[in-house]
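First residue of the sequence shown: 968, per my numbering; consecutive thereafter.
Take a look at the structure set out below.
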Amino acid sequence: MKKMPVAGVRVLLFVIVLIWGGTFPVLKALVASLPPALLAGMRFTMGALGLWVGVSLPVSWLKALGSSETQARMGAAPAAKAEKETGRRWSGRLVGKGMLLGFFLGLAYLAQTTGLVYTSASKAGFLTGLFVVFTPFFEWAFFGRQPSSRTWGAVILATFGLWLLSTRGTGWQALSAPVASPSLGDWIIVLSALCYSIQLALAGRYAREEDPLLLSTIEISTVALLGWAGWFLSCLDPVPGLGNAAGRLVDSGVPGATSMRAAFTHAVASLSTTGWLGLFYLALPATTFALAGQLYGQRFVPAAEAAVIFALEPVFGAAFAFLFLGERLTLLNLIGAAAMLASSVMVSLPGRGRDVPRGSKTTASPVGAGR
């Protein structure tokens, strides 16, 4: 099987971002019935099950890595290159990398959910989008890949677009509104953005070294475990001031398995048919397909470029919120969305301006290696 062209990889990443953008209205509807940690546990457990089914199939059915020649060109590990003939190969190193990715991804989800208790959704959207700024720094610090001037320009443009997209107001006077001091929730959301950035930077390297299907299976399974652990802790002892969602279902004076079982039964029973469809959307397209596709795509696209593409998520989220939730977009929001689209086009243009690995004297990168 031939390697997917780089243009096709970028299309794949855009499709993934489109799917993630569609999760905004779904999540908004589901959190009314499910505590956030329980929702994360259920979503990622279902997503992980889909991947475990995939990795149990013969490699001849799912040739995820392509030919040995293709793998050699994209820098796959020797053990991975033999998988076409020998079957998928697990290793302690692969499991460790997957757990590390899952840890930072899970921490990002949990921090984002907690931060929303203390800050507004618009500020949370902007601050989470700061992973576009942080990712090039982490990729540079961890692996010595120096972002190009084009990438930096796209990062600045995307950050400006995120700011306009999160602006609330009907006129240009909204730009001169006083900025409040950062709250606890703001700092927690920044922590979430940092975790997303680390996950993106690590994924860019690990996806080139390991089977992306196995790697994403361990990653998603780890996030599921973190979600269940977070829900378990919230059931045992509701923390004052955190708006504990499980506290409305569990008698805090009777902690333990029985109370958790009752809470789980109550939450699941409250889901309508539409709610279950939304949960399946989160678990399969938005988790199983999207996260596995992300790791596959990052075999060919540098993390800094992927971050700019993924920054389109709030753009698509705002569009879906407008279509399905009736939320309005101002002129400034539309200009911000256009700026973010332009930043994604900027990093996708062919030619010079690619990120440069440390010690390299050329502008070539894995992105253009298969042209």
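Where a beta carbon is used, it is the ideal one built from N, C-alpha and C, also for glycine.
Values in this document were obtained by computation on a predicted structure and should not be read as measured data.
Residue environment analysis places ARG1228 among the exposed positions, since fewer than 16 neighbouring C-beta atoms fall within 10 angstroms of its C-beta. Judged by beta-carbon spacing, LEU1077 lies beyond the 9 Å limit of LEU994, meaning their Cβ atoms are not closer than that value. Nearest Cα to ALA1273 within the set SER1023, THR1102 and LEU1308: THR1102.
Here ASP1178 carries a coil assignment [DSSP, helix/strand/coil]. Excluding five sequence positions before and after GLY1073, the CB atoms of its chain that fall closer than 6 Å to its own CB belong to VAL1190 and LEU1193, given in chain order. In the three-state scheme derived from DSSP, where H, G and I count as helix and E and B as strand, GLY1021 is classed as helix. CA-CA distance, MET1009 to ILE983, rounds to 21 Å.
For the options ALA1075, PHE1287 and LEU1129, the alpha carbon positioned closest to that of ILE1276 is the one of LEU1129. Secondary structure at PRO1002: coil, using DSSP grouped into helix, strand and coil.
The residue among ALA1250, PRO1002 and ARG1172 with its C-alpha nearest the C-alpha of TRP987 is ALA1250.
Of the residues LEU1299, ARG1060, VAL1062 and VAL1157, the one whose Cα lies closest to the Cα of THR1095 is VAL1157.
Of the candidates GLY1063, VAL1020 and ASN1300, the residue whose Cα lies closest to the Cα of GLU1176 is GLY1063.
When the alpha-carbon of ILE1123 is set against those of VAL1100, LEU1296 and VAL1312, the nearest one is in VAL1100. Separation of VAL973 and CYS1202 (C-alpha to C-alpha, rounded to the nearest whole angstrom) is 46 Å. Of the candidates ALA1257, ALA1004 and LEU1296, the residue whose Cα lies closest to the Cα of TRP1195 is ALA1004. Between GLN1113 and ALA1170, the alpha-carbon positions lie close to 17 Å from each other.
For THR1255, no alpha helix (DSSP H) run applies, since DSSP gives it neither H nor E.
One thing to note: THR1012 has its Cβ no nearer than 9 Å to the Cβ of ALA1253. ARG1295 counts as exposed, since fewer than 16 other C-beta atoms from the protein chains shown sit within 10 angstroms of its C-beta.
Taking all protein chains in view, the Cβ of ALA1125 is crowded by 16 or more other Cβ atoms within 10 Å, so the residue is classified as buried. Cβ-Cβ distances below 7 Å link ALA1309 to LEU1124 in the same chain, with the five nearest sequence neighbours on each side left out; the list follows chain order.
In this model, LEU1279 and TRP1057 are separated by some 34 Å (Cα to Cα).
Between ILE1187 and GLY1069, the beta carbon gap of about 7 Å places them in contact (Cβ cut-off 8 Å). Here TRP1243 carries a helix assignment [DSSP, helix/strand/coil]. Here GLN1166 has LEU1068, PHE1071, LEU1072 and ALA1075 as same chain residues with Cβ atoms under 7 Å from its own Cβ, once five neighbours each way along the sequence are excluded.
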